[in-house]
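Colleague: Sending over a structure as structure tokens; questions will come in a sec.
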Amino acid sequence: MTLRYPTLAFLLALVAAPVTAQDGAVVGTPPPQPATTEAPADDGGLTGSVSDENEWQDLGIAITTFATDRDVPTQTNAGSTAQLGQAISQVIASDLKNNGLFKPSGPGGLPQPSLLQVQSPDYPTWSGRGADMLVQGYVKAGADGQLTVGCYLYDVALTRQLVKAGWQFAASDWRRAAHKCSDLVYSRLSGESPFFDSKIAYIAETGPKNRRMKRLAIMDSDGANHRYLTSGQAMALTPRYSPDYSRILYLSYLNGQPSIYSYDLATDRQTLIARTGNPTLAPRWSPDGKWVLYSMARGGTTDIYRISSAGGGTPEKLTNGPGINIGGSYSPDGRQIVFESDRSGNQQIYVMNSDGSNQRRISFFGGRAATPEWSPRGDQIAFTHIAGNLRVGVMNPSGGGMRHLTDSWQDEAPTWSPNGRIVQFFRTARGSGEASIWQVDLTGRNERRLPTPVGASDPAWGPVRP
Amino acid sequence: MSVLTKGPAITKVGATVLLAGALAIAGCKSKPPKELPPEPGAPATSTDTGQMGSGVATPGSQADFVQVMSGADTIYFELDRYDVDSQDQIALARQAQWLARYPAKRATIEGHADERGTREYNLALGERRANSAKNYLVSLGVDPSRLSAVSYGKERPIALGSDEQAYAQNRRAVTVTID
């Protein structure tokens, strides 16, 4: 496992300013370092004890209430800066705990570090409590309503700082600071890319099975900041966030015929992605956001098309029957597309070049295979395996190494976490048809249901936010 | 049958018709399918289930179509199939007859799938089924411009159970005339 100082190019590589530096006003002024015990944090990471003796998942992490220089009101729903400091550390603890990552404790029941201690932890206290790692931080309110949050990760046994970062957010975005801190901790200790600071589009479901209302909705990766985008008058299905989070492609019955619309999140306006006169289904973005794949049903056959996401332009037909070809998903380099076709007689998974050439089947393990989604890391394809029950599985891009991640009556439509380590999908209950969103990591061991206010299906996980 | 008791009355009727084979020539039982989005099904359903004869529908209306078809407004499909079999042909012939009698009427054919498949594929499959029914009606002389097809995939089941009996009822194409 490589432990490296994360690239913080997009972060405001802010170092915590101690109280005295507060009037310095310039964000990012490096404070004096307590030079005694501190080794440089960017020396390439840990050696020895941490990674060798334990799986990183087993690390005990103490997450303390974030300190503040002045307890003043904020424009957040969490309260004053002191309350916000507690709320932020609670979000971090929940992030890590709910995802089966590490063994987080706190902030409740732990000593509360002072602002000065944020940068020079009281190591004996924490080693006495059996903590392997320590997360500390601070919250400061700016005059403009902006919040500055600093996040520090310490190795208690080695008595040194592993990583630190700071961010500025509008008050309404305070939870993002917590997710950024979770990402920092997770990335530093696991060597994986971050994923917490991301959003999910999905379909909210209410009502009886035969007249269920299906609405477009969004939420943060932890289920917070939930919002409905459509009223439910027209059935909405299968959303996909654009890579820059500015738009959502989804299927709507707005004008009677199922068609793909592009929903603009800045203006709340939506437009048809293509005027075809035929039903359009299964929208997907290219990784760079420049292209959209959709499937169009016409005269009983369904084919996959590509069109510029900017609108206009002529759709380019990538498959040419027979049967149903649907649901293309780009490889992360944009060169290939994995899709589903029943040209062999039932649903199987195929790969083609992004111009439609070289189409070849890759699923040969029995049963039917559907809804392929290429991992953002490129190494795996998640899909729905239909063999009696519907289960979420993964395989490598040549179709080998197939294994199931779930085992339930009906799990379908996997979507990848931004770092390709977790898959979300939706589970339908036998009989009632109640739908719920779940996630599972690639080990298949850490499976959990996401908290949603009502029934939920068709999760679509967007990238990590800049 | 026990599974079906959890659904509303609609479901039982649907099951009966299905068991009768969906050919429904002598029929005398009517079929439930109604237009999809609107209100709780109760009032609409009772008009065409129980009181035959008493509620006389306006000739040429959708209510009349449902009454006259007495089940033949719907055709059913085998698992993963979309072909029109001989029973379906009989039902579609009756639909075509009615449509010939009211040449100004337009109709939408709604294609459906059972719940045991993935959502997107089932949308495409429902379209394929609706299209099969449409093509057959056209082959019987119905002007294609009078017919449209729309798929609801697995999103609008008529039978609410999670068993083969319910699935067989849900794999269907329903013709709904437009008043």
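These protein sequence lines are chains F and E, in that order. Heads up: the first sequence at position 351 corresponds to 362 in the working numbering, and the numbers run straight through without jumps. Heads up: the second sequence at position 23 corresponds to 28 in the working numbering, and the numbers run straight through without jumps. Backbone N, C-alpha and C define an ideal beta-carbon position, used for all residues, glycine too. What you are looking at is a predicted structure, and each value in this text was computed from that prediction instead of being measured.
(1) State the Cα-Cα distance for the pair GLU132/E and GLY116/E, rounded to the nearest angstrom.
(2) Taking C-beta pairs closer than 7 Å, name the residues in chain E that MET246/F reaches, listed in chain order.
(3) Name the residue from ARG414/F, ARG223/F, VAL434/F whose alpha carbon lies nearest to the alpha carbon of GLY243/F.
(4) Using the three-state DSSP reduction, which class does LEU130/E fall into: helix, strand or coil?
(5) Among ALA293/F, ARG317/F, PRO290/F, which one has its Cα closest to the Cα of VAL303/F?
(6) In the stretch 81-95 of chain E, which residues sit with their C-beta less than 8 Å from some C-beta in chain F, listed in chain order?
(7) Going by the CB atoms, is the gap between GLU384/F and PRO343/F shorter than 8 Å?
(8) Considering THR282/F, what are the terminal residues of the beta strand (DSSP E) in which it resides?
(9) Can you confirm whether LYS328/F, when its beta carbon is compared against all beta carbons of chain E, has any partner nearer than 8 Å?
(10) State buried or exposed for ASN336/F, treating a residue as buried only when at least 16 other CB atoms are found within 10 Å of its CB.
(11) Quick one: using the 10 Å Cβ neighbour count with 16 as the cut-off for buried, is SER91/E buried or exposed?
(12) Per DSSP, LYS110/E is paired with what?
(13) So SER137/E and ASP85/E are in contact, right, with Cβ under 8 Å, and what is the actual spacing, rounded?
(14) Listing by chain order, which chain F residues have their CB less than 9 Å from the CB of VAL181/E?
(15) Check for me: the beta strand (DSSP E) holding ASN364/F runs from which residue to which?
(16) Kindly indicate if chain E contains any beta-carbon less than 8 Å away from that of GLU458/F.
(17) Evaluate PRO477/F with the Cβ neighbour count: other Cβ atoms within 10 Å of its Cβ, from every protein chain shown; 16 or more gives buried, anything less gives exposed.
(18) Does the Cβ-Cβ distance between ALA247/F and LEU262/F come in under 8 Å?
(19) What number of angstroms, rounded off, separates the C-alpha of LEU292/F from the C-alpha of ASP231/F?
(20) Note the first and the last residue of the continuous alpha helix (DSSP H) segment covering MET74/E.
(21) Keeping to the same chain, check which residues put their C-beta closer than 8 Å to that of ARG402/F; ignore five residues upstream and five downstream.
(22) Cβ closer than 8 Å: which chain E residues qualify as neighbours of ARG441/F?
(23) Can you give me the C-alpha to C-alpha distance between GLY35/F and GLN101/F, rounded to a whole angstrom?
(24) Just by C-beta distance, which residues in the stretch 362-395 of chain F are closer than 7 Å to chain E?
(25) According to DSSP, what are the bridge partners of HIS396/F?
(26) Looking at GLN100/E: is its Cβ nearer than 8 Å to the Cβ of LEU142/E?
(27) Could you give the DSSP three-state label for LYS108/F: helix, strand or coil?
(28) I need the straight-line Cα distance from ASN430/F to ASP184/F, nearest angstrom please.
(29) What does the alpha-carbon distance come out to for the pair TRP472/F and GLU458/F?
(30) How would you write the range of the beta strand (DSSP E) that ASP166/F sits in, first residue to last?
(31) So, at 7 Å on beta carbons, what are the nonlocal neighbours of GLY378/F in its own chain, with the 5 sequence-adjacent residues on each side left out?
(32) Cβ closer than 9 Å: which chain E residues qualify as neighbours of GLU423/F?
(33) What is the C-beta distance between ARG106/E and THR249/F, in whole angstroms, given that I count them as a contact (C-beta under 8 Å)?
(34) Inspect the beta-carbon positions of ASP80/F and SER91/F and report whether they are closer than 8 Å.
(35) Return the first residue and the last residue of the alpha helix (DSSP H) that TYR3/E is part of.
(36) Looking at the structure shown, is ILE183/E part of a helix, part of a strand, or coil, going by DSSP?
Modeller: Straight from the coordinates:
(1) For the purposes of this step, residue 132/E is identified with residue 127 of the second sequence, where counting begins at 1. For the purposes of this step, residue 116/E is identified with residue 111 of the second sequence, where counting begins at 1. Between GLU132/E and GLY116/E, the C-alpha separation is close to 6 Å.
(2) Here residue 246/F corresponds to residue number 235 of the first sequence, with the count starting at 1. Within 7 Å Cβ-Cβ: GLU160.
(3) Along the first sequence, one-based indexing puts residue 243/F at 232. GLY243/F has its Cα closest to that of ARG223/F, out of ARG414/F, ARG223/F, VAL434/F.
(4) Along the second sequence, read from residue 1 onward, the residue named residue 130/E stands at position 125. Helix, per DSSP.
(5) Residue 303/F sits at position 292 when you count from the first residue of the first sequence. The shortest C-alpha separation from VAL303/F is found at ARG317/F.
(6) ASP85, TYR87
(7) On the first sequence, residue 343/F is found 332 positions in, with the first residue counted as 1. On the first sequence, residue 384/F is found 373 positions in, with the first residue counted as 1. Against a cut-off of 8 Å, the Cβ pair of GLU384/F and PRO343/F comes out as no contact.
(8) Translated into the one-based positions of the first sequence, residue 282/F becomes position 271. Run containing THR282/F: 280-283, per the beta strand (DSSP E) assignment.
(9) Taking the first residue of the first sequence as position 1, residue 328/F is located at position 317. LYS328/F does not count as touching chain E.
(10) Working through the first sequence from its first residue, we reach residue 336/F at position 325. Under this definition ASN336/F is a buried residue.
(11) By one-based count along the second sequence, residue 91/E stands at place 86. Burial call: exposed.
(12) To locate residue 110/E, count along the second sequence from 1; it is residue 105. Paired residue(s): none; LYS110/E is not in a bridge.
(13) Here residue 137/E refers to the residue found at position 132 of the second sequence. Here residue 85/E refers to the residue found at position 80 of the second sequence. With a Cβ gap of about 13 Å, SER137/E and ASP85/E do not count as contacting.
(14) Numbered from its first residue, the second sequence carries residue 181/E at position 176. Simply none; closest approach about 12 Å.
(15) As a position in the first sequence, residue 364/F is number 353, starting the count at 1. Here the beta strand (DSSP E) through ASN364/F covers 359-364.
(16) Locating residue 458/F in the first sequence gives position 447, where the first residue counts as 1. GLU458/F does not count as touching chain E.
(17) Here residue 477/F refers to the residue found at position 466 of the first sequence. Classification for PRO477/F: exposed.
(18) Numbered from its first residue, the first sequence carries residue 247/F at position 236. Numbered from its first residue, the first sequence carries residue 262/F at position 251. Yes, the pair counts as a contact, with Cβ atoms nearer than the cut-off.
(19) Counting from one through the first sequence, the residue named residue 292/F turns up at place 281. Counting from one through the first sequence, the residue named residue 231/F turns up at place 220. The straight-line gap from Cα to Cα measures roughly 25 Å.
(20) Residue numbering aside, residue 74/E sits at position 69 when the second sequence is read from its first letter. Counting along the chain, the alpha helix (DSSP H) containing MET74/E begins and ends at 67-74.
(21) Looking up residue 402/F in the first sequence gives position 391. Only THR395, HIS396, HIS415, LEU416, THR417, ASP418, SER419, ASP422 meet the Cβ criterion.
(22) Indexing the first sequence from 1 puts residue 441/F at position 430. Going along chain E in sequence order, the residues near ARG441/F (Cβ under 8 Å) are SER167.
(23) Walking along the first sequence from the start, residue 35/F turns up at place 24. Walking along the first sequence from the start, residue 101/F turns up at place 90. For GLY35/F, the predicted structure reports a pLDDT of 31, less than 50, and the residue's modelled location is therefore unreliable. The matter cannot be settled from this model.
(24) ALA381, THR382, THR395
(25) Within the first sequence, the letter at position 385 stands for residue 396/F. HIS396/F is bridged to ALA380/F, ARG402/F.
(26) For the purposes of this step, residue 100/E is identified with residue 95 of the second sequence, where counting begins at 1. For the purposes of this step, residue 142/E is identified with residue 137 of the second sequence, where counting begins at 1. Yes, Cβ-Cβ distance for GLN100/E and LEU142/E is below 8 Å.
(27) In the first sequence, the residue the question calls residue 108/F occupies position 97. Note: LYS108/F maps to helix in three-state DSSP.
(28) For the purposes of this step, residue 430/F is taken as the residue at position 419 of the first sequence. For the purposes of this step, residue 184/F is taken as the residue at position 173 of the first sequence. C-alpha separation (whole angstroms): 22 Å.
(29) The count along the first sequence starts at 1 and reaches residue 472/F at position 461. The count along the first sequence starts at 1 and reaches residue 458/F at position 447. When rounded, the distance between both Cα atoms is 16 Å.
(30) Walking along the first sequence from the start, residue 166/F turns up at place 155. Counting along the chain, the beta strand (DSSP E) containing ASP166/F begins and ends at 158-166.
(31) Start at 1 with the first residue of the first sequence, and residue 378/F comes out as number 367. Same-chain partners within the cutoff: HIS396, ILE397, ALA398.
(32) Position 412 of the first sequence, counted from the first residue, corresponds to residue 423/F. Within chain E, the residues near GLU423/F are GLY122, THR123, ARG124.
(33) What you label residue 106/E is simply residue 101 of the second sequence in a count that begins at 1. What you label residue 249/F is simply residue 238 of the first sequence in a count that begins at 1. Incorrect: roughly 40 Å between the Cβ atoms, too far for contact.
(34) In the first sequence, residue 80/F corresponds to position 69, counting from 1. In the first sequence, residue 91/F corresponds to position 80, counting from 1. No, Cβ-Cβ distance for ASP80/F and SER91/F is not below 8 Å.
(35) Residue coverage of chain E in this structure runs from 6 to 184, which leaves residue 3/E outside it and unanswerable.
(36) What you label residue 183/E is simply residue 178 of the second sequence in a count that begins at 1. ILE183/E: strand per DSSP, three-state reduction.
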